[in-house]
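Trainee: Take this structure, written in C-alpha cells, and hold onto it; I'll ask about it next.
There are 2 protein chains.
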Amino acid sequence: MNDAAAHTPASPPPTPWERGRPARARVSARTPLSRERVVEAALTVLDRQGLDGLSMRQVAAELGVTVSALYAHVRSKDDLLELMYTRLFDGAALPEPDPERWQEQLRDYARTGRERLLSHRDMARISMAYAPFTAELLPHVEAFLGLLRTAGLPDRIAAEAGDLISTYIDGFVLGETMWRERAAEAAGEDAEDASDHPDVNGMAAEMQDYFASLPESDFPHLHALAGLMVTDSADERFGIGVEIILRGLASYLPDAAAGRTVPSEPGHD
Amino acid sequence: MNDAAAHTPASPPPTPWERGRPARARVSARTPLSRERVVEAALTVLDRQGLDGLSMRQVAAELGVTVSALYAHVRSKDDLLELMYTRLFDGAALPEPDPERWQEQLRDYARTGRERLLSHRDMARISMAYAPFTAELLPHVEAFLGLLRTAGLPDRIAAEAGDLISTYIDGFVLGETMWRERAAEAAGEDAEDASDHPDVNGMAAEMQDYFASLPESDFPHLHALAGLMVTDSADERFGIGVEIILRGLASYLPDAAAGRTVPSEPGHD
DNA sequence: CCTCAGAGGAGAACACTGTTCTCCGAACGC
DNA sequence: GCGTTCGGAGAACAGTGTTCTCCTCTGAGG
Chain A
1 MNDAAAHTPA SPPPTPWERG RPARARVSAR TPLSRERVVE AALTVLDRQG
51 LDGLSMRQVA AELGVTVSAL YAHVRSKDDL LELMYTRLFD GAALPEPDPE
101 RWQEQLRDYA RTGRERLLSH RDMARISMAY APFTAELLPH VEAFLGLLRT
151 AGLPDRIAAE AGDLISTYID GFVLGETMWR ERAAEAAGED AEDASDHPDV
201 NGMAAEMQDY FASLPESDFP HLHALAGLMV TDSADERFGI GVEIILRGLA
251 SYLPDAAAGR TVPSEPGHD
Chain B
270 MNDAAAHTPA SPPPTPWERG RPARARVSAR TPLSRERVVE AALTVLDRQG
320 LDGLSMRQVA AELGVTVSAL YAHVRSKDDL LELMYTRLFD GAALPEPDPE
370 RWQEQLRDYA RTGRERLLSH RDMARISMAY APFTAELLPH VEAFLGLLRT
420 AGLPDRIAAE AGDLISTYID GFVLGETMWR ERAAEAAGED AEDASDHPDV
470 NGMAAEMQDY FASLPESDFP HLHALAGLMV TDSADERFGI GVEIILRGLA
520 SYLPDAAAGR TVPSEPGHD
C-alpha cells in the first residue's frame with residue numbers, strides 16, 4: 001500500500017509514444033498487481049458502482065488489467081469479498097476489558113462497528129453474507145466476548161449477546177443504507193416533481209406523506225410512530241437500540257436485583 | 270392454490286397420445302400459469318436448489334414453460350422474490366394487543382417469525398434483501414408495533430424495538446441456516462473421513478475440535494464459550510436472545526423502578 | 001551482448017445469468 | 001366463417017464468474 005512508487009491511477013493509457021521506450025520504465029510504472037491492490041481497486045469500484053455493479057471485469061478495468069490476471073491473486077469473487085470485509089478491521093484496536101466500564105466499552109464497540117460498515121458502500125450487505133468469523137477476525141471476536149464475560153454476565157448470556165449485538169449492528173446499517181439507496185433511486189426517477197425539496201430529505205418527506213395518507217383508523221400505531229422513524233437521526237435510533245440491549249444485559253448481572261445498575265442515558269427515560 | 274383442477278406436478282410430460290386430442294383438453298390440462306403458480310414453482314425450486322440455484326430458467330423448467338412466459342405474470346426476479354416472501358404471511362393471524370400479556374405475545378411473535386423464515390430454504394437471505402415493509406405487510410407491522418405501544422413503552426423505544434426484534438429474528442435465522450449449509454458443504458467434501466460421526470453433528474464436533482485447537486492462552490473466552498455455542502440447541506439460544514431484548518424493553522416501562530416486572534424464565538437466571 | 005527459462009498478464013472461450021424482442025398459433029367474439 | 005387478441009415459444013442481447021491456452025516481456029546465466 002505504501003509502496004515507493006507513486007500511485008498509478010487506473011492503469012496509464014498505453015500512450016503510443018511510450019511504446020518504443022525501454023520496457024523497464026513500463027514495468028515500474030505498473031506496480032506488479034499485488035493482492036492488496038486488487039482489494040483496494042475492488043473497494044474503489046464498490047464505492048462507485050455499489051455491490052450490484054461490482055464485477056470482476058470492473059475491478060480489472062479499474063486496474064487496467066484483464067480479468068484473468070485477478071485470479072492469480074484472488075481465488076474467487078467470494079474470496080475477494082471476504083478479503084474486502086476483513087480489510088476493514090486492519091487498524092482496529094482490541095479493547096482491553098474493564099469490568100467497571102463494560103457498558104461504555106460496548107457502546108464504543110457498537111459505534112465503531114457501525115462506522116466500519118458505513119465506511120464503504122454496501123458493506124453491510126457483504127458483511128451479512130460473509131460475516132461468520134473468518135480466522136483473521138478471531139481476535140476481535142475474542143476481545144468482544146471478553147468484554148461481556150468480564151462484565152460478569154453468565155456464559156450463556158454472553159455467548160448469545162455476542163450474536164445479538166453483531167446482528168443488530170449489521171441489520172441496522174443494512175436497513176439504514178438500503179433506505180438511502182432507495183431514496184436515491186426514487187430521486188432519480190422523480191427528477192421532475194422533486195423541484196422544491198432537496199434530494200436527501202425528499203424521501204423522508206415522501207415517506208411521511210405516505211404514512212399520513214394511510215387510513216388512521218386502520219394504522220394508528222404506524223401513524224403515531226412514522227414521524228419518529230423518519231424524523232429521528234439514524235445515530236439517535238441506533239443509540240436507542242444499543243441501550244435496549246445494554247439494559248437487558250444489565251438485568252443479568254448478579255447485583256441486578258439490588259437495584260438497576262444502568263446509568264440511564266439522559267433523554268430516553 | 271385450491272383450484273378444482275388436480276395439482277399438475279411440474280407440467281405433465283407431453284404424453285404422445287394426448288397430442289392428437291382436441292386442443293381444448295391440452296389447455297385445461299396445463300392450468301393457465303397464474304402468478305400463484307409461478308410463485309409456488311419458485312418456492313419448490315428454492316427448496317431444492319437453494320437461492321443460488323434459483324434462476325428464472327429453473328422456475329420455467331419446473332413449470333414446463335419457457336422463461337419469457339414467466340415475465341407475463343412477474344415483473345422481474347426481484348419482484349418474484351418479494352412475492353415469495355410476502356406469501357409466507359398468507360395465513361398469519363394478527364395478534365390483538367393485550368397489555369397484560371405483552372411479553373408472551375412478543376415471544377410468540379418472535380417464534381412464529383423464526384418458523385416462517387425456516388419454512389423454506391434460504392428464506393432468511395431473501396428476507397434480509399427485501400424486508401423493508403412492502404405495502405401488503407403493513408398490517409403485520411402495525412400489529413407488531415401495537416403490541417409494543419399498548420404495553421406502555423415510550424414511542425421512541427417502541428419504534429426502535431420493532432427494528433431490533435425483526436433484525437434479530439432475521440439475523441439469527443440467517444446465521445443458523447448458513448451454518449447448516451456450510452456443514453452440508455463440508456460433509457460433502459469430507460465424505461471419506463466422516464465415516465464415524467453422522468452428517469449433521471459432524472460439523473458441530475469439527476467446530477468444537479477447531480476451537481479446542483486454538484491456543485487457550487490467546488483465546489480464553491472463545492475457548493470457554495465455544496462449547497455453549499455448539500452444544501446449545503438453536504431454539505434455546507434464540508430464546509435467550511429474545512429474553513435479553515424483553516428484559517431491556519421491560520426496563521423502560523413506567524413501573525420498572527418499583528421492581529423488575531420481568532417474570533424471569535426458569536433456568537436463565 | 002546474446003540466449004534461454006520462467007512468470008504473469010492477454011485474450012478468447014464456456015456455461016451461465018436476467019431480460020426483451022419478434023413471431024406464431026390457438027381461442028374467443030361477431 | 002373471419003378477424004382480433006393474447007399468451008406462450010424461441011431466439012437474441014448484454015452481462016456474469018471462471019478457466020484455458022498462448023504470448024510477451026523480464027531477469028538470470030554464459
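As given, the protein sequences belong to chains A and B, one line each in that order. Here this note's numbering is used: position 146 in the first sequence is 146, and no number is missing along the way. Numbers given in this note's numbering equal positions in the second sequence, counted from 1, plus 269. Here a beta-carbon is modelled for each residue, glycine too, at the ideal position from N, C-alpha and C.
1. Exposed or buried, what is B/V343 when buried is set at 16 or more other beta-carbons lying within 10 Å of its beta-carbon?
2. How big is the Cα-Cα spacing for B/R326 and B/A311?
3. On the three-state DSSP scale, how would you describe B/A361?
4. Within 8 Å, do at least three Cβ pairs link the stretch 471-491 of chain B to the stretch 322-337 of chain B?
5. Indicate the three-state DSSP secondary structure (helix, strand or coil) for B/H342 in the structure shown.
6. Do the stretch 221-237 of chain A and the stretch 91-106 of chain A make contact, defined as three or more Cβ pairs closer than 8 Å?
7. State the DSSP-derived secondary structure class of A/E216, mapped to helix, strand or coil.
8. Name, please, each residue of chain B whose Cβ falls closer than 7 Å to the Cβ of A/I240.
9. Taking any Cβ of chain A, which residues in the stretch 401-426 of chain B have a Cβ under 7 Å from it, in chain order?
10. Could you tell me which whole alpha helix (DSSP H) segments of length 4 or greater appear in the stretch 118-190 of chain A?
11. Is it the case that the Cβ atoms of A/G113 and A/I169 are separated by a distance below 9 Å?
12. Name the chain B residues that come within less than 9 Å of A/G248, Cβ to Cβ?
13. So the candidates are B/T446, B/E411, B/G496; which of them puts its Cα closest to the Cα of A/E216?
14. Quick check: the Cα distance between A/L33 and A/M84, rounded to an integer number of angstroms?
15. Measure the CB-CB distance between A/Y252 and B/I514 and report whether it falls below 9 Å.
16. Roughly how many angstroms separate the alpha carbons of A/L46 and B/D359, rounded to a whole number?
17. For my contact list, A/L81 and A/V38 are in at a C-beta cut-off of 8 Å; report their separation, rounded to the angstrom.
18. Below 7 Å on C-beta distance, what does A/G171 contact in chain B?
19. Between B/E391 and B/G319, is the Cβ-Cβ spacing less than 9 Å?
20. What's the C-alpha gap between B/A338 and B/A329?
21. Tell me which residues share the same chain as B/D524 and place their Cβ nearer than 6 Å to its Cβ, disregarding the 5 neighbours each side in the sequence.
22. Find out if the Cβ-Cβ distance for the pair A/L88, A/L106 is shorter than 9 Å.
23. Once DSSP output is grouped into helix, strand and coil, what is the label at A/Y252?
24. Just to confirm the assignment, what range does the alpha helix (DSSP H) spanning A/L43 have?
25. May I ask you to list, following chain order, the residues of the stretch 101-121 of chain A that have a beta carbon less than 7 Å from some beta carbon of chain B?
26. For a cutoff of 9 Å on Cβ pairs, would you count A/M128 as touching chain B?
27. When you compare the CB positions of B/A393 and B/T446, do they come within less than 9 Å of one another, or not?
28. Can you tell me whether B/G508 is helix, strand or coil according to DSSP?
29. When burial is assigned at 16 or more other CB atoms within 10 Å of the CB, is B/T403 buried or exposed?
30. Could you check the C-alpha separation between B/R449 and B/S435 for me, to the nearest Å?
31. To the nearest angstrom, report how far apart A/A204 and A/L94 are at their CA atoms.
32. Taking B/H490 as the query, report the chain A residues whose CB atoms sit under 7 Å from its CB, ordered along the chain.
33. Can A/F238 and A/A110 be called in contact, C-beta distance under 9 Å?
34. Consult DSSP for B/S502 and reduce its assignment to one of helix, strand or coil.
35. Since A/L174 and B/M397 are thought to touch, with beta carbons under 8 Å apart, how far apart are those beta carbons, to the nearest angstrom?
36. Helix, strand or coil for A/P99? Go by DSSP, reduced to three states.
Mentor: Let me spell this out:
1. As a first step, residue 343 of chain B must be located in the second sequence, where it is residue number 74. Flag for B/V343 reads buried.
2. As a first step, residue 326 of chain B must be located in the second sequence, where it is residue number 57. As a first step, residue 311 of chain B must be located in the second sequence, where it is residue number 42. If I take the Cα positions, the gap works out to 10 Å.
3. Position 92 of the second sequence, counted from the start, is the residue given in the question as residue 361 of chain B. Note: B/A361 maps to coil in three-state DSSP.
4. no
5. As a position in the second sequence, residue 342 of chain B is number 73, starting the count at 1. B/H342: coil per DSSP, three-state reduction.
6. no
7. If you number the first sequence from 1, residue 216 of chain A lands on position 216. In this structure, A/E216 counts as coil in the three-state DSSP scheme.
8. Taking the first residue of the first sequence as position 1, residue 240 of chain A is located at position 240. Going along chain B in sequence order, the residues near A/I240 (Cβ under 7 Å) are R425, I426, E429.
9. P401, L407, V410, E411, L414, G415, R418, D424, R425, I426
10. 123-130, 138-150, 155-189
11. Here the question's residue 113 of chain A lines up with position 113 in the first sequence. Here the question's residue 169 of chain A lines up with position 169 in the first sequence. Yes, the pair counts as a contact, with Cβ atoms nearer than the cut-off.
12. Taking the first residue of the first sequence as 1, we reach residue 248 of chain A at position 248. Correct list: E512, I513, I514, L515, R516, G517, L518, A519, S520.
13. Locating residue 216 of chain A in the first sequence gives position 216, counting from the first residue. If we check each option's Cα against that of A/E216, B/E411 comes out closest.
14. To locate residue 33 of chain A, count along the first sequence from 1; it is residue 33. To locate residue 84 of chain A, count along the first sequence from 1; it is residue 84. Spanning the two alpha carbons is a distance of roughly 16 Å.
15. Locating residue 252 of chain A in the first sequence gives position 252, counting from the first residue. Locating residue 514 of chain B in the second sequence gives position 245, counting from the first residue. Not in contact: A/Y252 and B/I514 (Cβ atoms no closer than 9 Å).
16. If you number the first sequence from 1, residue 46 of chain A lands on position 46. If you number the second sequence from 1, residue 359 of chain B lands on position 90. Their Cα atoms are separated by approximately 37 Å.
17. Taking the first sequence and counting its residues from 1, one reaches residue 81 of chain A at position 81. Taking the first sequence and counting its residues from 1, one reaches residue 38 of chain A at position 38. Their Cβ separation, rounded to whole angstroms, is 12 Å, which puts A/L81 and A/V38 out of contact at 8 Å.
18. The residue labelled residue 171 of chain A in the question sits at position 171 within the first sequence. The answer, in chain order, is T436, D439, G440.
19. Start at 1 with the first residue of the second sequence, and residue 391 of chain B comes out as number 122. Start at 1 with the first residue of the second sequence, and residue 319 of chain B comes out as number 50. For the record, residue 391 of chain B in the displayed sequence is Asp; it is not Glu. Contact flag set, yes.
20. Residue mapping note: residue 338 of chain B aligns to position 69 of the second sequence, counting from 1. Residue mapping note: residue 329 of chain B aligns to position 60 of the second sequence, counting from 1. Straight-line Cα distance between these residues: approximately 8 Å.
21. If you number the second sequence from 1, residue 524 of chain B lands on position 255. Correct list: empty, nothing qualifies.
22. Position 88 of the first sequence, counted from the start, is the residue given in the question as residue 88 of chain A. Position 106 of the first sequence, counted from the start, is the residue given in the question as residue 106 of chain A. Going by C-beta atoms, A/L88 is not nearer than 9 Å to A/L106.
23. The residue given as residue 252 of chain A occupies position 252 in the first sequence. In the structure shown, A/Y252 sits in coil (DSSP, three-state: anything other than H, G, I, E or B).
24. Here residue 43 of chain A corresponds to residue number 43 of the first sequence, with the count starting at 1. Element bounds for A/L43: 35-49.
25. none
26. Within the first sequence, the letter at position 128 stands for residue 128 of chain A. By this cut-off, A/M128 is an interface position.
27. Stepping through the second sequence from its first residue, residue 393 of chain B is reached at position 124. Stepping through the second sequence from its first residue, residue 446 of chain B is reached at position 177. The answer is yes: Cβ separation under 9 Å.
28. Here the question's residue 508 of chain B lines up with position 239 in the second sequence. Of the three classes helix, strand and coil, the one that applies to B/G508 here is helix, per DSSP.
29. By 1-based counting over the second sequence, the position of residue 403 of chain B is 134. So B/T403 counts as exposed.
30. For the purposes of this step, residue 449 of chain B is taken as the residue at position 180 of the second sequence. For the purposes of this step, residue 435 of chain B is taken as the residue at position 166 of the second sequence. Distance between the alpha carbons of B/R449 and B/S435 is about 21 Å.
31. The residue labelled residue 204 of chain A in the question sits at position 204 within the first sequence. The residue labelled residue 94 of chain A in the question sits at position 94 within the first sequence. Each residue's alpha carbon lies about 37 Å from the other.
32. Working through the second sequence from its first residue, we reach residue 490 of chain B at position 221. The answer, in chain order, is E142, L145, G146, R149.
33. Position 238 of the first sequence, counted from the first residue, corresponds to residue 238 of chain A. Position 110 of the first sequence, counted from the first residue, corresponds to residue 110 of chain A. Yes, the pair counts as a contact, with Cβ atoms nearer than the cut-off.
34. For this step, residue 502 of chain B is matched to residue 233 along the second sequence. DSSP places B/S502 in coil when its eight states are reduced to three.
35. What you label residue 174 of chain A is simply residue 174 of the first sequence in a count that begins at 1. What you label residue 397 of chain B is simply residue 128 of the second sequence in a count that begins at 1. Contact flag correct, Cβ pair sits at about 7 Å.
36. As a working note, residue 99 of chain A is residue 99 in the first sequence. Three-state result, A/P99: helix.
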